[in-house]
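Convert by adding 3 to the 1-based position in the sequence shown; the result is the number in my numbering. Notes follow the structure.
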Amino acid sequence: MSAGLVFVWTHKLIQADVVRMMYTIDCKYVENLVWFKKSVNNVHLDNPSPYISSTKEILLIFKKGDGFELRHQRSPDVIIDFEIPTEQWIDDEYTEPKPSGVYDMIETLLPKAGFDDRLKRGRLLELWAKRNSPRREGWIMFHEIKKHRNIE
Numbered sequence: 004m005s006a007g008l009v010f011v012w013t014h015k016l017i018q019a020d021v022v023r024m025m026y027t028i029d030c031k032y033v034e035n036l037v038w039f040k041k042s043v044n045n046v047h048l049d050n051p052s053p054y055i056s057s058t059k060e061i062l063l064i065f066k067k068g069d070g071f072e073l074r075h076q077r078s079p080d081v082i083i084d085f086e087i088p089t090e091q092w093i094d095d096e097y098t099e100p101k102p103s104g105v106y107d108m109i110e111t112l113l114p115k116a117g118f119d120d121r122l123k124r125g126r127l128l129e130l131w132a133k134r135n136s137p138r139r140e141g142w143i144m145f146h147e148i149k150k151h152r153n154i155e
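Right under this line is the structure:
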């Protein structure tokens, strides 16, 4: 990649490792977005963790190169949203679905990266997209099919 943005979901425990790894490939930290998770009964989650309990995930945003418009700080730093119960996605996905507000934030941050009439395609790429996520104009999404284990 010569220029662009990279968005990486992480947890607090490995956040510093992710930042160090991204610096090794010349990606500079821009900012982050926090997803504060609430359960369906409207209380914050308190998921167990080896050291501290976890109620959030962090989306780190990195930039490499120049030559593209970045509308910095025009979107929220925190999204408060409900976590989808694990039993609703675990059979088909490796990771939980993220809030739709994350896509809105990325599209606001990169207004010229959406659908390009000249190219007839988008310039936003999501790896490990969720199979049942609604498709968004301007996005190319790849989904990994989860292989089911036969338990006998």
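Cβ atoms here follow ideal geometry from the backbone N, Cα and C, with glycine treated the same way. Keep in mind it's a predicted model, so treat the numbers as computed, not measured.
For this session: Output yes or no for whether 8 Å exceeds the beta carbon distance between Thr13 and Val21.
Result: yes
Exercise. Would you call Ala6 buried or exposed, if buried means 16 or more other Cβ atoms sit within 10 Å of its Cβ?
Worked result: exposed
Exercise. For Thr13, which of helix, strand or coil comes out of DSSP?
Worked result: strand
Problem set entry | Residues of its chain near Arg134, where Cβ-Cβ distance is below 6 Å and the 5 sequence neighbours each way are ignored | Asp95 and His146
For this session: Give the secondary structure of Arg1 by DSSP, where H, G and I count as helix, E and B as strand, and everything else as coil.
Result: The structure shown has nothing for residue 1, since the chain only spans 4 to 155.
Problem set entry | Status (buried if at least 16 other CB within 10 Å, exposed otherwise) for Ala116 | buried
Exercise. Across which residues does DSSP place Asp84 in a beta bridge pair?
Worked result: Lys40
Exercise. For Val81 and chain D, any beta-carbon pair shorter than 8 Å?
Worked result: No chain D is present in this structure, which holds just one protein chain.
Exercise. Can you tell me whether DSSP reads Gly7 as helix, strand or coil?
Worked result: strand
For this session: Decide if Lys31 is buried, meaning its Cβ has at least 16 other Cβ atoms within 10 Å, or exposed.
Result: exposed
For this session: Would you identify the three-state DSSP class for Leu127, choosing helix, strand or coil?
Result: strand
For this session: Could you pull out every residue in the same chain whose Cβ sits closer than 8 Å to the Cβ of Leu73, ignoring the five residues on either side in sequence?
Result: Leu8, Val33, Lys66, Leu112 and Leu113
Exercise. Does DSSP classify Ile64 as helix, strand or coil?
Worked result: strand
Exercise. Distance, Cα to Cα, Trp38 vs Asp107?
Worked result: 13 Å
Exercise. Under a three-way DSSP split, which group does Glu99 fall into?
Worked result: coil
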